[in-house]
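What follows is one structure encoded as structure tokens, with my remarks underneath.
Protein chains: 2
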Amino acid sequence: MVSTGGGASGGLVALDWGSTRLRAWRFDADGRIAEARSSGDGASRLQGGPPAFEAALRAVAGDWLADARGVIACGMAGSAHGWRDAGYVPAPMSLDALPARMVQVPCGPDVTVHIVPGVLSRDASGAPDVMRGEETQLVGLTAVRPALAQGALVVMPGTHCKWARLQDGRLVSFSTAMTGELFALLREHSVLSRLMAPAGAPQAPQAQALEAFDRGVADAVRAGGREIARLLFGVRARGLFDELAPAVAPDYLSGLLIGNEVASAGAPAEMRDRPVVLVGEAALCARYARALAQQGLQAEVHDEPLAAAGLARLAGAAGLYA
Amino acid sequence: MVSTGGGASGGLVALDWGSTRLRAWRFDADGRIAEARSSGDGASRLQGGPPAFEAALRAVAGDWLADARGVIACGMAGSAHGWRDAGYVPAPMSLDALPARMVQVPCGPDVTVHIVPGVLSRDASGAPDVMRGEETQLVGLTAVRPALAQGALVVMPGTHCKWARLQDGRLVSFSTAMTGELFALLREHSVLSRLMAPAGAPQAPQAQALEAFDRGVADAVRAGGREIARLLFGVRARGLFDELAPAVAPDYLSGLLIGNEVASAGAPAEMRDRPVVLVGEAALCARYARALAQQGLQAEVHDEPLAAAGLARLAGAAGLYA
Numbered sequence: 432m433v434s435t436g437g438g439a440s441g442g443l444v445a446l447d448w449g450s451t452r453l454r455a456w457r458f459d460a461d462g463r464i465a466e467a468r469s470s471g472d473g474a475s476r477l478q479g480g481p482p483a484f485e486a487a488l489r490a491v492a493g494d495w496l497a498d499a500r501g502v503i504a505c506g507m508a509g510s511a512h513g514w515r516d517a518g519y520v521p522a523p524m525s526l527d528a529l530p531a532r533m534v535q536v537p538c539g540p541d542v543t544v545h546i547v548p549g550v551l552s553r554d555a556s557g558a559p560d561v562m563r564g565e566e567t568q569l570v571g572l573t574a575v576r577p578a579l580a581q582g583a584l585v586v587m588p589g590t591h592c593k594w595a596r597l598q599d600g601r602l603v604s605f606s607t608a609m610t611g612e613l614f615a616l617l618r619e620h621s622v623l624s625r626l627m628a629p630a631g632a633p634q635a636p637q638a639q640a641l642e643a644f645d646r647g648v649a650d651a652v653r654a655g656g657r658e659i660a661r662l663l664f665g666v667r668a669r670g671l672f673d674e675l676a677p678a679v680a681p682d683y684l685s686g687l688l689i690g691n692e693v694a695s696a697g698a699p700a701e702m703r704d705r706p707v708v709l710v711g712e713a714a715l716c717a718r719y720a721r722a723l724a725q726q727g728l729q730a731e732v733h734d735e736p737l738a739a740a741g742l743a744r745l746a747g748a749a750g751l752y753a
Numbered sequence: 432m433v434s435t436g437g438g439a440s441g442g443l444v445a446l447d448w449g450s451t452r453l454r455a456w457r458f459d460a461d462g463r464i465a466e467a468r469s470s471g472d473g474a475s476r477l478q479g480g481p482p483a484f485e486a487a488l489r490a491v492a493g494d495w496l497a498d499a500r501g502v503i504a505c506g507m508a509g510s511a512h513g514w515r516d517a518g519y520v521p522a523p524m525s526l527d528a529l530p531a532r533m534v535q536v537p538c539g540p541d542v543t544v545h546i547v548p549g550v551l552s553r554d555a556s557g558a559p560d561v562m563r564g565e566e567t568q569l570v571g572l573t574a575v576r577p578a579l580a581q582g583a584l585v586v587m588p589g590t591h592c593k594w595a596r597l598q599d600g601r602l603v604s605f606s607t608a609m610t611g612e613l614f615a616l617l618r619e620h621s622v623l624s625r626l627m628a629p630a631g632a633p634q635a636p637q638a639q640a641l642e643a644f645d646r647g648v649a650d651a652v653r654a655g656g657r658e659i660a661r662l663l664f665g666v667r668a669r670g671l672f673d674e675l676a677p678a679v680a681p682d683y684l685s686g687l688l689i690g691n692e693v694a695s696a697g698a699p700a701e702m703r704d705r706p707v708v709l710v711g712e713a714a715l716c717a718r719y720a721r722a723l724a725q726q727g728l729q730a731e732v733h734d735e736p737l738a739a740a741g742l743a744r745l746a747g748a749a750g751l752y753a
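Those sequence lines, one after another, are chains S and E.
The first sequence begins at 432 in my numbering and counts up by one.
The second sequence begins at 432 in my numbering and counts up by one.
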């Protein structure tokens, strides 16, 4: 368990329940973060159903619960294999509609956990896409930057990168690219991994890493977002001829995949008329910003913990505290 | 060791040394296949350098060697980590140039093995691509269908699918798509694998499997060969909503990846003016033919063992027998 802050209890307990990590915040009665903790009890690591979730919550934040006015959770706690299935709200949907759609699950006799539902989006052909946890980050984003709720393309890099369209206070639609997972698969399990420095090896100087990344983006953009299976084999062929150093091969691969994702989107008006909003971990957002810049597109980066801000906003709207 | 045929010895010993399997044929003095064998001593499974290759050859075909006029090998025996590095001949190149570029390696005091080199192709931007073994299949293809040497787009499905252009007896250029490897990675190691029936489970009826495959191709074609990272996540989302049965999810995934590869190529004149030539395993060629047909393109399938035919042709040209 990792813990920062400390001091008096009370207010709100907020949980971002990821697949591999559980993050917890205690808000004071004034809506400020008083303490932050995390543990490795991600939803995919919990066996045993609801009792395992209750135990994981008590392990990370048991001492906060007695005095909390409310407990709220987003993410995989609400999945079909989570604490309780919170379902999906279909998009287009108002972000203000989420509090009323939360589901309640008891945690012992005195505590109720309010779980935020996910969101379902269908494309023009009816194919489904889902998010669970990112909707709360979007609420947090519009809490810290209200103007974005009126119109923004929000890209949320990670294992499964979300592209979400906000308009007039609504989450209009979104799609998911499994770019981060493809990178991990190719980095660890493919024929390409043999041509790359091991994950623990000394890293290349930052300038060389970024140069390789930019080259990968350029190759993917030149192919117009097509031909990814061919470009990926190029990582191997370049390695065979010493035209790609093992230390920067992962950066080139990252550039190919992020470049393919960005080039696949083209550059519609919604991307040219205003900055693309990037939400996520700082270093990864910086890479997406570089890939967008190669297409002449601007980015606005939000790498602050928006899940916490979103949970506080949703809890306030639901009357869970303050 | 697997063996078919039998009878008197003599003639040529021909080896197709793949990464995971070693295939061996004995040709009689008239150039006919007298016997075929194979073993699991693929190049990637051999530790110990040249002595390990010699031992593997003797294990699968030791009794053929005494009376053989010549021994020839293509594939990974000629890689940098193989029996002896046979290098790469740069394309464009005449297929007739290969015999003179073979390298010799001794196998005991009385036997010499002639190893076929690979081929190197560079695209317009100078990026390298390589083949090793497929050049011999192309020689075999032009042996059984001489007219194709004058002009053909040859697609060779597999782990790493080659797209090779033949013109006026020359291998003009080629590129590689690691489509088969992507399928295996996603099938076995990704988040998608959880939504698929295990590899050993009962298979769906063929009609349902092909319907799912065709749907995957259609989705990839509709996206114009772009957005593969988004389409892949769709496998997961459809599975969550019971809109894709686990038994046919691998077929849909296969359709997405093959469709992406074919749609990425577009349909240039070389694909519209004459049938695309498919070389490889029958069931996989049939899937590529379906994907091409969805784009209105014709295919000519060659699923016979062209490596054997190519090795015999190269050995004859080099004066190794007959």
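For each residue, glycine too, the CB sits at the ideal point set by N, CA and C.
{"Query": "Closest to E:Ser492 by C-alpha separation, out of E:Arg476, E:Ala517, E:Asp447, E:Met507, would be which residue?", "Result": "Residue identity differs from the one stated: residue 492 of chain E is Ala in this sequence, not Ser. That would be E:Asp447, whose Cα lies nearest to the Cα of E:Ala492."}
{"Query": "On the CB-based measure, 16 or more other CB atoms within 10 Å of its CB, does E:Pro681 come out buried or exposed?", "Result": "buried"}
{"Query": "Against chain S, with Cβ distances strictly below 7 Å, would E:Arg661 count as a contact?", "Result": "yes"}
{"Query": "Less than 7 Å between the beta carbons of S:Val444 and S:Ala497, yes or no?", "Result": "no"}
{"Query": "Nearest to S:Tyr683 by alpha carbon, out of S:Gly670, S:Ser695, S:Ala694?", "Result": "S:Gly670"}
{"Query": "Does S:Met609 come within less than 7 Å of chain E when only Cβ atoms are used?", "Result": "yes"}
{"Query": "Which of the three DSSP states, helix, strand or coil, is assigned to E:Ser525?", "Result": "strand"}
{"Query": "Among E:Thr543, E:Arg532, E:Thr451, whose alpha-carbon lies nearest the alpha-carbon of E:Leu489?", "Result": "Checking the sequence, you will find Arg at residue 489 of chain E rather than Leu. Nearest C-alpha to E:Arg489: E:Thr543."}
{"Query": "What residues from chain S crowd round E:Phe644, counting only those whose CB sits closer than 9 Å?", "Result": "Result: empty, since nearest Cβ-Cβ is about 16 Å, beyond 9 Å."}
{"Query": "Give me the Cα-Cα distance between E:Val710 and E:Met587, rounded to the nearest whole angstrom.", "Result": "5 Å"}
{"Query": "Who does E:Ile546 pair with in a DSSP beta bridge?", "Result": "E:Ala504, E:Val534"}
{"Query": "Hey, does E:Ser440 have any beta-carbon neighbour from chain S nearer than 7 Å?", "Result": "With a pLDDT of only 48 at E:Ser440, under the threshold of 50, the placement of this residue in the model should not be trusted; the figure read from the coordinates follows. By this cut-off, E:Ser440 is not an interface position."}
{"Query": "What residue from S:Leu737, S:Glu692, S:Met702 has the CA that sits closest to S:Ala713's CA?", "Result": "S:Leu737"}
{"Query": "Comparing alpha-carbon positions, which option in E:Gly480, E:Ala739, E:Leu751 lies nearest E:Gln568?", "Result": "E:Ala739"}
{"Query": "Would you check if the region 553-565 of chain S and the region 525-539 of chain S touch, i.e. whether three or more CB-CB distances between them fall below 8 Å?", "Result": "no"}
{"Query": "Indicate whether E:Leu613 and E:Leu688 have their beta-carbon atoms separated by less than 7 Å.", "Result": "yes"}
{"Query": "Residues of chain S with CB closer than 7 Å to the CB of E:Glu565, please, in chain order.", "Result": "Result: empty, since nearest Cβ-Cβ is about 13 Å, beyond 7 Å."}
{"Query": "Could you give the first and the last residue of the continuous alpha helix (DSSP H) run that contains E:Ser695?", "Result": "680-695"}
{"Query": "What does E:Glu485 reach in chain S if we use C-beta pairs closer than 7 Å?", "Result": "Those do not exist, as E:Glu485 stays about 25 Å from chain S at its closest Cβ, beyond 7 Å."}
{"Query": "Is the CB-CB distance between E:Ala743 and E:Gly462 below 7 Å?", "Result": "yes"}
{"Query": "Name the chain E residues that come within less than 8 Å of S:Val547, Cβ to Cβ?", "Result": "Per Cβ cutoff of 8 Å: no residues; S:Val547 is ~17 Å from chain E at best."}
{"Query": "In or out: S:Glu758 buried (at least 16 other Cβ within 10 Å) or exposed?", "Result": "Residue 758 of chain S is absent from the model: chain S starts at 432 and stops at 753."}
{"Query": "Scan the region 580-606 of chain S for residues whose Cβ lies nearer than 9 Å to a Cβ of chain E and list them as they occur along the chain.", "Result": "Thr590, His591, Cys592, Trp594, Ser606"}
{"Query": "At a cut of 8 Å, does the region 714-725 of chain S reach the region 577-594 of chain S through at least three beta carbon pairs?", "Result": "yes"}
{"Query": "Closest by CA to S:Pro521, which one among S:Met627, S:Val550, S:Gly539, S:Asp494?", "Result": "S:Val550"}
{"Query": "Alpha carbon to alpha carbon, how far is S:Arg646 from S:Arg654? Give it in angstroms, no decimals.", "Result": "Note that residue 654 of chain S corresponds to Ala in the displayed sequence, not to Arg. Distance between the alpha carbons of S:Ala654 and S:Arg646: 13 Å."}
{"Query": "Mind checking whether S:Glu658 and E:Ala660 have CB atoms under 7 Å apart?", "Result": "no"}
{"Query": "Per DSSP, which one or two residues make a beta bridge with E:Ala443?", "Result": "Reading off the sequence shown, one finds Leu at residue 443 of chain E, where the question assumed Ala. Bridge partners of E:Leu443: E:Phe458, E:Gly501."}
{"Query": "Within the chosen definition, does the region 529-536 of chain E reach the region 508-518 of chain E through at least 3 CB pairs nearer than 8 Å?", "Result": "yes"}
{"Query": "Do S:Leu453 and S:Ser470 have their C-beta atoms closer together than 7 Å?", "Result": "yes"}
{"Query": "CA-CA distance, S:Gly509 and S:Arg667?", "Result": "41 Å"}
{"Query": "What residues from the region 670-681 of chain S come within 8 Å of chain E, judged by C-beta to C-beta, listed N to C?", "Result": "Leu671, Phe672, Glu674"}
{"Query": "Leaving out five residues before and five after E:Thr590 in sequence, what residues of the same chain have Cβ atoms less than 6 Å from its Cβ?", "Result": "Gly611, Glu612"}
{"Query": "Which of helix, strand or coil does DSSP assign to S:Tyr519?", "Result": "strand"}
{"Query": "Return the residue from the list E:Phe644, E:Ala615, E:Gln637, E:Gln639 that minimises the CA-CA distance to E:Ala630.", "Result": "E:Ala615"}
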